[in-house]
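According to numbering that gives the first Met the number 0, the sequence shown is numbered sequentially starting from 0.
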Amino acid sequence: MAVKHYSSRELNALLGHFNIPKMQYGFRPLTDGYINDTFLVKEGHNPLYILQRVNHLVFPNVVGLMGNVQNALRHLDDDDYQKIVLVETEDGGVFYQQQHPDLAYWRLMTYIDGSTAYNTTQNPKIAMEAGRIIGTFHMLLEKARRSDYVDVIPRFHDLGLRKDQFVVALANASPDKLQIAKNAIQFAKATLEKLETMQMADLPIRICHNDTKLNNILFTKETYKALCLIDLDTLMRGHFHFDFGDAVRTIVNTAPEDEQDHQKITFEQDLFKAFVEGLAVNGPFLTEAEIKALPFGAVLMPFLHGIRALTDYLNNNIYYKVAYENQNLDRSLSLFDFTKKALAQVNFMDKILAQTLTPV
Ligand code: GN1
Ligand code: MG
């Protein structure tokens, strides 16, 4: 998907539809996401809001998505959890839809002062705090009624669906791309077979975040205390090992997701331990079967993202925003490299999890 640019006039006009003081705001694009368009809204140097266009090609049911978010925010209201506030539109809604021809959906949130996010880390305190806040998030959402939430992207983390999409992409891809992506394709095929034999059964359904990468967690700037999870778009039913795996792939690996030098891609055992210790701070909340599934999650999630990126590369980049032609292929190769490294650590993960987590 191509990256879209907006003028500050356009963005100020959009802000005019929200219930905030009328003035000329400044904007800084936040470009880490692959799906939505996100801007930091400032008054002078002062960051005040996050303005975001929700990509309705990826999330066709924006009304359902915002309903999920509002429902969850009612549960995510606790002394140990930073409250996220959606700013209302002038007519009392939580998003503004532009008129024809754009029909784009925009929402506004208050900026959490003094907060920051990290793409990667080497700091065990950050890893531990990430584990703590993900555990808190799940414990707070335990009370959520599963049937109140819509599946914003049905079968989002379903290996079977991602395999089917990969097979279709293979059948339609240009011979050039099939050749360039030869190694990635081979790894995907072999790993699909391996993971299919590892699938878990009878796991409880939880309301999950479904995109718990490290940079979706806010921390206090100086003290590295985790405040809350952001980017609740993919919040819907799922299994805990999805959220575990997405966190592990971005916390335990000290290199960014699209790192091209695979020597820099690591599975840091100390960071893994710290992350699991952070989860344990919350007391028991996972079943024995869920704990057993966690190493599988740490292998599954990087692989799922890798095969999705590879599929998008073969489909000529129709889903993710790309900064250059082969970015999706590079992402798939580095995600596959981490998948291999996580597979080699399954026994280690089992051992740490058994030592650190007590089942409910
Ligand atoms: C996408 O745009 P962003 O970064 O929030 C993707 C996630 C991936 C992430 C990074 C709806 O999220 O699943 O973890 O890229 N979201 C969707 O790979 O596809
Ligand atoms: Mg996301």
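For glycine and all other residues, C-beta sits at the position ideal for the given N, C-alpha and C.
Contact annotation: F241 and N209 have beta-carbon atoms nearer than 8 angstroms.
Boundaries of the beta strand (DSSP E) harbouring Y48: N45 to V53, taken from the DSSP string. DSSP lists L39 as the beta-bridge partner residues of R27. At the C-beta level, T338 and V275 stay beyond 8 angstroms of one another.
When the beta-carbon positions are compared, L278 and I125 stay at least 8 angstroms from each other. If you draw a straight line from the Cα of M235 to the Cα of Q164, it comes to about 21 angstroms.
Within the same chain, and ignoring the five residues on either side of P255 in sequence, the residues whose Cβ sits closer than 7 angstroms to its Cβ are N118 and T119. Secondary structure of R236 (DSSP, three-state): strand. The region 79-91 makes no contact with the region 28-38; the number of CB pairs closer than 8 angstroms stays below 3.
Annotation note: the region 202-258 contains the following uninterrupted alpha helix (DSSP H) runs of length 4 or greater, listed N- to C-terminal: 239-250. At least one heavy atom of the ligand MG sits closer than 7 angstroms to the Cβ of D210.
Taking the Cα positions, K176 is about 47 angstroms away from T357. In the DSSP assignment, M108 forms a beta bridge with I49 and L85. Check the Cα spacing between P20 and each of D311, T37 and K41: the tightest is with K41. For H137, the enclosing alpha helix (DSSP H) stretches over residues P123 to L140. By the neighbour-count criterion, in which 16 or more other beta carbons inside 10 Å mark a residue as buried, N281 falls on the buried side. Taking 8 angstroms as the cut-off, the Cβ atoms of R161 and R307 count as close. Comparing alpha-carbon positions, the option among H74, D329 and Y312 lying closest to P174 turns out to be Y312. Collapsing the DSSP output to three states places Y95 in a strand.
Remark: C-beta atoms of A225 and R131 approach each other more closely than 8 angstroms. When L285, L39, R73 and I351 are compared, the shortest CA-CA separation from V359 is found for L285. In the three-state scheme derived from DSSP, where H, G and I count as helix and E and B as strand, D157 is classed as coil.
I34 has its Cβ nearer than 7 angstroms to a heavy atom of the ligand GN1. Close CB contacts of T310 within its chain, under the 6 angstroms cut and outside five residues either way in sequence, are with Q164, F165 and A168 (chain order). Between P294 and V345, the C-beta spacing is below 8 angstroms. Per the coordinates, the alpha-carbon of H55 lies some 19 angstroms from the alpha-carbon of N315. For I306, the enclosing alpha helix (DSSP H) covers residues E287 to L313. Set against 7 angstroms, the gap from the CB of D245 to the closest heavy atom of the ligand MG is not smaller. With contacts defined by Cβ atoms closer than 8 angstroms, M0 and K320 form a contacting pair.
A Cβ-Cβ separation of about 12 angstroms leaves I250 out of contact with A116 under the 8 angstroms criterion. Cα atoms of G63 and F38: separation of roughly 23 angstroms, rounded to the nearest angstrom.
T115 sits in a strand when the DSSP states are folded into three classes. In its chain, beyond the 5 residues on either side, L228 have a beta carbon closer than 6 angstroms to the beta carbon of F136. Within 10 angstroms of the beta-carbon of K340 lie 16 or more other beta-carbons, which makes it buried.
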